[in-house]
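Visitor:
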Amino acid sequence: LASWVPVVGLEIHAQISSNSKLFSGSQVQFAAPPNSLVSFFDASLPGTLPVLNRRCVEAAVMTGLALNCSINKKSFFDRKHYFYADLPAGYQITQQRVPIAVNGSLSYSVCIDNKMSQMVTKTVRIKQIQLEQDSGKSLHDDTRSQTLVDLNRAGVGLMEVVMEPDMCCGEEAAAAVRELQLILQTLGSSQAIMAEGQLRVDANVSVHHPGEPYGVRTEVKNINSVRFLAKAVDYEIQRQIEELENGGTILNETRAFDSKLGCTISMRDKEGKQDYRFMPEPNLPPLILYDAKTLPANMNHQQVVNIDWIRERLPDLPSVKRAKLVELYGILPEHSFTLLNEDGLAEYFENVIKHTQMKPKKVIGWILKDLLSYLKEHALAVKDSPVSSVLLADLLNLLERKEISSSAAKQVFEELWKGEGKTPLEIVKEKQLELLRDQEELEQICQAVMDRQEDEVGACMLW
Amino acid sequence: QGPLQVSAALREGRVGAVELCQRCLARVRDTGFLNAYISVAEDAARRQAEEAEKRYRRGQPLGVLDGIPVAVKDNFNTAGVETTCASNMLKGYISPYNATVVQKLLDQGAVLLGKTNLDEFAMGSGSTDGVFGPVRNPWSYSRQYKEKNPSKSHSENEDSEWVITGGSSGGSAAAVSSFTCFAALGSDTGGSTRNPAAHCGVVGLKPTYGLISRHGLIPLVNSMDVPGILTRCVDDAAVVLGLLAGHDPKDSTTIQDTFKPFELPDSIDIRKLCIGIPKEYHVPGLSSEIQTLWSKAADLFKDAGAKVIEVSLPHTPYSIVCYHVLCTAEVASNMARFDGLEYGHRADMKQSTESMYATTRREGFNDVVRGRILSGNYFLLKENYDNYFVKAQKVRRLIANDFVKVFGSGVDILLTPTTLSDAAPYVEFIKEDNRTRSAQDDILTQAANMAGLPAVSVPAALSKRGLPLGLQFIGHSFQEKQLLTVAKWFEKQVKFPVIQLEDVKRHDCSVFQHQKSVSSL
Numbered sequence: 199l200a201s202w203v204p205v206v207g208l209e210i211h212a213q214i215s216s217n218s219k220l221f222s223g224s225q226v227q228f229a230a231p232p233n234s235l236v237s238f239f240d241a242s243l244p245g246t247l248p249v250l251n252r253r254c255v256e257a258a259v260m261t262g263l264a265l266n267c268s269i270n271k272k273s274f275f276d277r278k279h280y281f282y283a284d285l286p287a288g289y290q291i292t293q294q295r296v297p298i299a300v301n302g303s304l305s306y307s308v309c310i311d312n313k314m315s316q317m318v319t320k321t322v323r324i325k326q327i328q329l330e331q332d333s334g335k336s337l338h339d340d341t342r343s344q345t346l347v348d349l350n351r352a353g354v355g356l357m358e359v360v361m362e363p364d365m366c367c368g369e370e371a372a373a374a375v376r377e378l379q380l381i382l383q384t385l386g387s388s389q390a391i392m393a394e395g396q397l398r399v400d401a402n403v404s405v406h407h408p409g410e411p412y413g414v415r416t417e418v419k420n421i422n423s424v425r426f427l428a429k430a431v432d433y434e435i436q437r438q439i440e441e442l443e444n445g446g447t448i449l450n451e452t453r454a455f456d457s458k459l460g461c462t463i464s465m466r467d468k469e470g471k472q473d474y475r476f477m478p479e480p481n482l483p484p485l486i487l488y489d490a491k492t493l494p495a496n497m498n499h500q501q502v503v504n505i506d507w508i509r510e511r512l513p514d515l516p517s518v519k520r521a522k523l524v525e526l527y528g529i530l531p532e533h534s535f536t537l538l539n540e541d542g543l544a545e546y547f548e549n550v551i552k553h554t555q556m557k558p559k560k561v562i563g564w565i566l567k568d569l570l571s572y573l574k575e576h577a578l579a580v581k582d583s584p585v586s587s588v589l590l591a592d593l594l595n596l597l598e599r600k601e602i603s604s605s606a607a608k609q610v611f612e613e614l615w616k617g618e619g620k621t622p623l624e625i626v627k628e629k630q631l632e633l634l635r636d637q638e639e640l641e642q643i644c645q646a647v648m649d650r651q652e653d654e655v656g657a658c659m660l661w
Numbered sequence: 459q460g461p462l463q464v465s466a467a468l469r470e471g472r473v474g475a476v477e478l479c480q481r482c483l484a485r486v487r488d489t490g491f492l493n494a495y496i497s498v499a500e501d502a503a504r505r506q507a508e509e510a511e512k513r514y515r516r517g518q519p520l521g522v523l524d525g526i527p528v529a530v531k532d533n534f535n536t537a538g539v540e541t542t543c544a545s546n547m548l549k550g551y552i553s554p555y556n557a558t559v560v561q562k563l564l565d566q567g568a569v570l571l572g573k574t575n576l577d578e579f580a581m582g583s584g585s586t587d588g589v590f591g592p593v594r595n596p597w598s599y600s601r602q603y604k605e606k607n608p609s610k611s612h613s614e615n616e617d618s619e620w621v622i623t624g625g626s627s628g629g630s631a632a633a634v635s636s637f638t639c640f641a642a643l644g645s646d647t648g649g650s651t652r653n654p655a656a657h658c659g660v661v662g663l664k665p666t667y668g669l670i671s672r673h674g675l676i677p678l679v680n681s682m683d684v685p686g687i688l689t690r691c692v693d694d695a696a697v698v699l700g701l702l703a704g705h706d707p708k709d710s711t712t713i714q715d716t717f718k719p720f721e722l723p724d725s726i727d728i729r730k731l732c733i734g735i736p737k738e739y740h741v742p743g744l745s746s747e748i749q750t751l752w753s754k755a756a757d758l759f760k761d762a763g764a765k766v767i768e769v770s771l772p773h774t775p776y777s778i779v780c781y782h783v784l785c786t787a788e789v790a791s792n793m794a795r796f797d798g799l800e801y802g803h804r805a806d807m808k809q810s811t812e813s814m815y816a817t818t819r820r821e822g823f824n825d826v827v828r829g830r831i832l833s834g835n836y837f838l839l840k841e842n843y844d845n846y847f848v849k850a851q852k853v854r855r856l857i858a859n860d861f862v863k864v865f866g867s868g869v870d871i872l873l874t875p876t877t878l879s880d881a882a883p884y885v886e887f888i889k890e891d892n893r894t895r896s897a898q899d900d901i902l903t904q905a906a907n908m909a910g911l912p913a914v915s916v917p918a919a920l921s922k923r924g925l926p927l928g929l930q931f932i933g934h935s936f937q938e939k940q941l942l943t944v945a946k947w948f949e950k951q952v953k954f955p956v957i958q959l960e961d962v963k964r965h966d967c968s969v970f971q972h973q974k975s976v977s978s979l
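Protein chains in written order, with this note's numbering: chain A, 199 to 661; chain B, 459 to 979.
Structure below.
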């Protein structure tokens with residue numbers, strides 16, 4: 199059986215975290231009443247003009263820098279035309295000719311054979327990042343044969359991140375997206391929550407035999423979580439392989455992922471290729487960005503976007519944070535991944551460290567096994583944990599000072615989880631979980647036990 | 459009279475703002491047969507006039523334009539007053555906001571009389587292709603015209619001899635020309651302010667692209683459109699320009715530099731000037747009358763001591779074709795928003811969204827608009843984009859560079875005709891289609907839009923048919939002061955006659971005494 203090489207590329211749309219939209223002053227807010235966040239420009243009222251939102255530009259520059267891109271000091275806006283109810287102007291303003299950032303890379307880690315202890319670093323090339331408008335939302339009401347249009351989302355700023363087809367499977371795609379999510383959240387340029395539509399991923403999948411040219415690719419849409427992304431990609435790879443092995447061909451088409459059935463379905467409503475009739479956006483001059491070298495003498499940074507100024511203020515990226523955690527605390531790399539994967543967990547961990555004498559290598563076990571499993575079981579976020587980092591630190595201190603045994607500690611933890619406001623010490627006293635360390639006391643207890651069990655003691659002594 | 463003189467009259471209490479407004483509204487009614495206005499905002503205008511009068515009584519007018527009746531072309535958004543673009547697509551459309559230029563006028567206390575007629579969506583050079591019918595040139599009813607064109611048979615054919623205003627800002631030009639208002643806003647994309655100004659005997663100013671905000675001006679070609687100013691004399695145009703120009707954060711294509719309003723000097727040293735006569739503007743079809751007028755004007759400058767030289771703008775012959783490609787491409791894009799969903803006309807078609815779009819757009823747009831949309835979409839197709847759109851942009855750059863070279867070689871102002879001839883009778887004009895007429899009529903004005911340069915048409919003389927002929931001055935980017943100074947000098951020399959309107963007998967009071975150049979108040 200000839201082997202197949204699957205090729206996976208991704209087109210990711212990340213909603214920019216900003217107060218107002220990309221080209222108008224209306225607010226950006228999730229789940230607001232329909233059509234309550236629509237400015238005249240968003241509704242495409244004739245005569246309205248786009249005005250570029252500075253914050254969105256900064257978000258894109260930050261993201262570009264974090265992804266090792268070259269930032270284009272001059273980029274352009276274009277109109278992409280098509281008719282659809284949720285696109286009031288009949289065109290989307292995007293960056294098709296020269297986007298704001300190009301030629302970057304993203305490193306991510308995947309586990310070999312599902313073993314977290316064996317992680318391998320991979321890299322995917324970032325083709326470009328472009329700024330563009332989001333569309334509104336269409337709600338199809340089939341019973342009344344009508345479509346309801348909500349324009350709240352129309353005009354919200356998006357960063358489209360295009361990842362080259364350097365990935366080979368669902369797991370890699372998922373890991374790359376997860377890492378991108380963390381980066382965006384760290385930067386604050388996007389909250390990147392897939393469930394709220396702030397991060398949308400389309401996968402481009404094809405297969406070919408080694409040494410042969412790339413096969414025809416399909417585009418897979420409607421993927422609502424990182425988990426589903428992995429499933430969708432793997433399904434599509436399989437589907438294509440089976441199709442080709444049965445002598446069939448792959449159509450260059452768009453397919454929707456059905457999460458219930460776990461398969462991809464052809465979206466045949468797109469007859470023929472769309473010609474978007476791209477045209478430069480005449481109402482927006484070229485976007486000029488500066489750096490320390492090119493910044494004109496009399497301009498203050500409030501008036502322009504200075505790439506170097508932004509670069510200097512970039513926070514530590516996840517990869518750097520993870521490396522620091524490993525170095526500082528001597529924890530394992532895979533531990534650092536888990537710490538960063540849960541929102542707030544790394545901060546929690548570090549806070550516990552601050553307040554306890556227990557070594558980090560031991561603390562990490564409590565964080566990743568005990569705390570995390572309780573959180574998962576109760577579907578709670580770290581910030582909603584009934585056990586605060588300080589409380590846990592107190593508990594660990596008791597353990598570290600050998601005032602309680604580790605099994606007692608687990609019991610105390612369970613009690614703390616109830617969130618009744620008691621301190622670990624109070625619980626220990628209440629349940630009499632103190633470790634006895636007084637030699638004399640211990641001898642008395644042992645003697646008392648032995649006194650009660652004379653026959654058994656006798657039997658032992660015979661042996 | 460213009461805003462300056464009337465303003466003085468208002469300040470001195472010789473006439474009240476309310477009375478002024480009433481008279482202008484009456485005039486609008488009496489000149490209704492010109493069809494210059496689409497909407498007349500009587501109540502709102504009266505209220506604005508009352509407010510203005512109160513301010514004058516307190517001795518605190520907002521400025522020179524306070525209480526002055528003005529008109530605005532119906533492709534500018536006016537809150538609460540219908541904005542139709544003379545199209546079925548926007549019939550009944552009431553915008554929730556004012557265009558920046560409209561807001562500026564209102565903030566200065568100007569009294570908005572109403573919205574003026576135009577070619578649908580500003581596409582045309584006659585103001586004949588709007589859904590509210592064509593605009594008639596007031597000069598059709600002037601003694602000057604009637605003397606030269608005695609009616610052969612009486613009332614029967616009288617009505618068929620009226621001439622067009624030119625376009626597309628014909629309503630605004632007619633409104634100013636017939637004394638219904640003291641200034642009007644038009645728009646200029648290929649000559650749409652200058653062309654009707656020339657035909658109606660008024661001053662039509664096209665400012666430098668980027669000087670005046672386009673926010674609220676319903677676009678035809680975003681990269682060429684500018685708001686235009688129509689007045690009865692050059693000084694008035696400078697006054698209005700001073701109130702409208704300047705950066706608008708809502709329009710990213712306006713320049714950031716602070717604009718300093720200016721007053722035009724009453725005299726200039728013509729000897730310091732270098733006037734360029736572009737030889738390519740001797741186009742076929744240019745009437746001999748205009749040729750002669752143009753020569754005479756050149757001589758006027760020469761005799762006064764200016765340096766008058768022939769220059770070359772070699773890419774001029776390509777500008778019409780280039781304009782056609784770029785204009786239709788932008789039109790196709792700009793008109794995409796008219797789908798019947800958010801505002802405007804929506805067809806009663808519920809079969810599918812697509813069919814609703816198609817029917818709405820067929821019902822809402824006239825042939826001219828639809829024709830340009832189809833052409834524009836053709837040029838924007840992937841396989842055509844490079845050969846048409848990109849090529850046209852390159853040619854546009856060459857055309858703009860022609861001007862850069864000429865202006866960079868010491869020429870201060872270019873002097874050219876504005877139109878090929880005087881205004882045509884309507885029945886003649888409509889013998890050719892809109893596209894043909896536009897291509898013919900735009901030829902002298904449209905390069906200035908390509909290059910973004912300021913240009914002004916000044917009434918120069920009457921034709922042998924008794925109709926106005928204008929001449930055009932084109933200036934350096936953002937050098938409106940120099941441009942208008944030269945224009946004012948020229949205006950003074952030629953002493954263009956005042957229109958002797960016959961059919962409007964009522965309300966012929968002193969305020970309307972046609973003494974443009976007298977400021978002895």
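All residues carry an ideal CB built from backbone N, CA and C; glycine is no exception.
On a predicted model such as this, the values are computed, not experimentally measured, just so you know.
Looking at chain A, is there any beta carbon in it that lies within less than 8 Å of the beta carbon of Lys-840 of chain B?
Guide: Translated into the one-based positions of the second sequence, residue 840 of chain B becomes position 382. Taking Cβ atoms only, chain A reaches closer than 8 Å to Lys-840 of chain B, which makes this a yes.
Visitor: Which same chain residues end up closer than 6 Å to Asp-577 of chain B when comparing Cβ atoms and leaving out the 5 residues on each side of it in sequence?
Guide: Working through the second sequence from its first residue, we reach residue 577 of chain B at position 119. Only Ser-585, Asp-587, Gly-588, Gly-625 and Ser-626 meet the Cβ criterion.
Visitor: Taking the straight line between their C-alpha atoms, what separation do you get for Val-473 of chain B and Leu-722 of chain B?
Guide: On the second sequence, position 15 is the one that residue 473 of chain B refers to. On the second sequence, position 264 is the one that residue 722 of chain B refers to. Near 26 Å, if we compare the C-alpha coordinates of Leu-722 of chain B and Val-473 of chain B.
Visitor: I need the straight-line Cα distance from Asp-844 of chain B to Leu-784 of chain B, nearest angstrom please.
Guide: Residue 844 of chain B sits at position 386 when you count from the first residue of the second sequence. Residue 784 of chain B sits at position 326 when you count from the first residue of the second sequence. Rounded to the nearest angstrom, the two C-alpha atoms are 12 Å apart.
Visitor: Taking DSSP's pairing of strands, which residues face Asn-504 of chain A in a bridge?
Guide: Taking the first residue of the first sequence as 1, we reach residue 504 of chain A at position 306. Partner(s): A:Tyr-488.
Visitor: Mind checking whether Val-206 of chain A and Cys-366 of chain A have CB atoms under 8 Å apart?
Guide: Translated into the one-based positions of the first sequence, residue 206 of chain A becomes position 8. Translated into the one-based positions of the first sequence, residue 366 of chain A becomes position 168. Contact flag set, yes.
Visitor: Name the residue from B:Phe-931, B:Lys-953 and B:Leu-925 whose alpha carbon lies nearest to the alpha carbon of Thr-623 of chain B.
Guide: Locating residue 623 of chain B in the second sequence gives position 165, where the first residue counts as 1. With distances taken between Cα atoms, Thr-623 of chain B lies closest to B:Leu-925.
Visitor: Starting from Tyr-306 of chain A and walking both ways along the alpha helix (DSSP H), at which residues does that stretch end?
Guide: Here residue 306 of chain A corresponds to residue number 108 of the first sequence, with the count starting at 1. In the DSSP assignment, Tyr-306 of chain A falls outside any alpha helix (DSSP H) and lies within the beta strand (DSSP E) extending over 299-310.
Visitor: Ignore the nearest five residues each way along the sequence and tell me which others in Glu-477 of chain B's own chain have a CB closer than 8 Å to its CB.
Guide: Within the second sequence, numbered from 1, the residue matching residue 477 of chain B stands at position 19. Nothing listed; no residue qualifies.
Visitor: Taking the alpha carbon of Asp-706 of chain B as the reference point, which residue from B:Pro-677, B:Arg-672 and B:Leu-731 has its own alpha carbon closest?
Guide: Locating residue 706 of chain B in the second sequence gives position 248, counting from the first residue. Considering only alpha carbons, the answer is B:Arg-672.
Visitor: Does the Cβ-Cβ distance between Leu-758 of chain B and Gln-951 of chain B come in under 8 Å?
Guide: If you number the second sequence from 1, residue 758 of chain B lands on position 300. If you number the second sequence from 1, residue 951 of chain B lands on position 493. Against a cut-off of 8 Å, the Cβ pair of Gln-951 of chain B and Leu-758 of chain B comes out as a contact.
Visitor: Considering only residues of the segment 618-660 of chain B, which uninterrupted beta strand (DSSP E) runs meet the minimum length of 3 residues and lie entirely inside it, listed in chain order?
Guide: 641-646
Visitor: Output the boundary residues of the alpha helix (DSSP H) element that contains Gln-436 of chain A.
Guide: Counted from its first residue, the first sequence places residue 436 of chain A at position 238. Its alpha helix (DSSP H) spans residues 424-443.
Visitor: Using the DSSP secondary-structure output, state which residues sit across from Lys-573 of chain B in a beta bridge.
Guide: Position 115 of the second sequence, counted from the start, is the residue given in the question as residue 573 of chain B. DSSP lists B:Ser-497 and B:Val-530 as partners of Lys-573 of chain B.
Visitor: Mind checking whether Asn-556 of chain B and Gly-674 of chain B have CB atoms under 8 Å apart?
Guide: Along the second sequence, read from residue 1 onward, the residue named residue 556 of chain B stands at position 98. Along the second sequence, read from residue 1 onward, the residue named residue 674 of chain B stands at position 216. Going by C-beta atoms, Asn-556 of chain B is nearer than 8 Å to Gly-674 of chain B.
Visitor: In chain A, which residues lie less than 9 Å from Pro-554 of chain B when you measure between Cβ atoms?
Guide: Indexing the second sequence from 1 puts residue 554 of chain B at position 96. Simply Phe-238 and Leu-243.
Visitor: For Asn-481 of chain A, which residues in chain B fall below 9 Å Cβ to Cβ?
Guide: Here residue 481 of chain A corresponds to residue number 283 of the first sequence, with the count starting at 1. Arg-672, Pro-677, Asn-680, Ser-681, Asp-709, Ser-710 and Thr-711, listed in chain order.
Visitor: Would a check of beta-carbon distances place Asp-797 of chain B closer than 8 Å to chain A?
Guide: Numbered from 1 along the second sequence, position 339 holds the residue referred to as residue 797 of chain B. Taking 8 Å as the threshold, the shortest C-beta distance from Asp-797 of chain B to chain A falls below it.
Visitor: For Arg-778 of chain B, which residues of its own chain have a beta-carbon under 8 Å away from its beta-carbon, when the five flanking residues on both sides are left out?
Guide: In the second sequence, residue 778 of chain B corresponds to position 320, counting from 1. Note on identity: in this sequence residue 778 of chain B is Ile, with Arg being the wrong assignment. The answer, listed in chain order, is Ala-897, Asp-900, Ile-901 and Gln-904.
Visitor: Roughly how many whole angstroms lie between the Cα atoms of Ser-630 of chain B and Lys-531 of chain B?
Guide: As a working mapping, residue 630 of chain B is identified with position 172 in the second sequence. As a working mapping, residue 531 of chain B is identified with position 73 in the second sequence. For Ser-630 of chain B and Lys-531 of chain B, the distance between alpha carbons rounds to 6 Å.
Visitor: For Thr-811 of chain B, which residues in chain A fall below 9 Å Cβ to Cβ?
Guide: Translated into the one-based positions of the second sequence, residue 811 of chain B becomes position 353. Those are Phe-281, Tyr-282, Ala-283 and Thr-345, listed as they occur along chain A.
Visitor: Select from A:Val-236, A:Asn-217 and A:Ala-287 the residue whose C-alpha is nearest the C-alpha of Gly-245 of chain A.
Guide: Position 47 of the first sequence, counting from 1, holds the residue named residue 245 of chain A. When each option's Cα is compared against that of Gly-245 of chain A, the closest is A:Ala-287.
Visitor: Thr-711 of chain B by DSSP, collapsed to three states: which one?
Guide: On the second sequence, position 253 is the one that residue 711 of chain B refers to. Thr-711 of chain B falls in the coil class under three-state DSSP.
Visitor: Is there a Cβ from chain A that is less than 8 Å from the Cβ of Ala-897 of chain B?
Guide: Taking the first residue of the second sequence as 1, we reach residue 897 of chain B at position 439. Ala-897 of chain B does not count as touching chain A.
Visitor: According to the Cβ coordinates, are Phe-796 of chain B and Gly-829 of chain B closer than 8 Å?
Guide: Position 338 of the second sequence, counting from 1, holds the residue named residue 796 of chain B. Position 371 of the second sequence, counting from 1, holds the residue named residue 829 of chain B. In this structure, Gly-829 of chain B does not lie closer than 8 Å to Phe-796 of chain B by Cβ.
Visitor: Can you tell me whether DSSP reads Lys-974 of chain B as helix, strand or coil?
Guide: Within the second sequence, residue 974 of chain B is the residue found at index 516, counting from 1. The pLDDT assigned to Lys-974 of chain B is 32, lower than 50, so where the model puts this residue is not dependable, and the model offers no usable value.
Visitor: List, in order along the chain, the chain B residues whose C-beta lies closer than 7 Å to that of Asp-473 of chain A?
Guide: Position 275 of the first sequence, counted from the start, is the residue given in the question as residue 473 of chain A. Near Asp-473 of chain A (Cβ distances below 7 Å), the residues of chain B are Leu-839 and Lys-840.
Visitor: Are there 16 or more other CB atoms within 10 angstroms of the CB of Asp-592 of chain A, so buried, or fewer, so exposed?
Guide: Translated into positions along the first sequence, residue 592 of chain A becomes position 394. Classification of Asp-592 of chain A: buried, given that the 10 Å Cβ count is 16 or more.
Visitor: Does the beta-carbon of Lys-559 of chain A have 16 or more other beta-carbons within 10 angstroms, so that it is buried, or is it exposed?
Guide: On the first sequence, position 361 is the one that residue 559 of chain A refers to. By the neighbour-count rule (16 or more Cβ atoms within 10 Å), Lys-559 of chain A is not buried but exposed.
Visitor: Please identify, using Cβ separations under 9 Å, the residues of the segment 244-268 of chain A that lie next to chain B, in order along the chain.
Guide: Listed by position, the residues of the segment 244-268 of chain A near chain B (Cβ gap below 9 Å) are Pro-244, Gly-245, Thr-246, Leu-247, Pro-248, Val-249 and Leu-250.
Visitor: Any chance the segment 568-582 of chain B sits against the segment 723-734 of chain B, with 3 or more Cβ pairs inside 8 Å?
Guide: Output reads no: the segment 723-734 of chain B does not touch the segment 568-582 of chain B.
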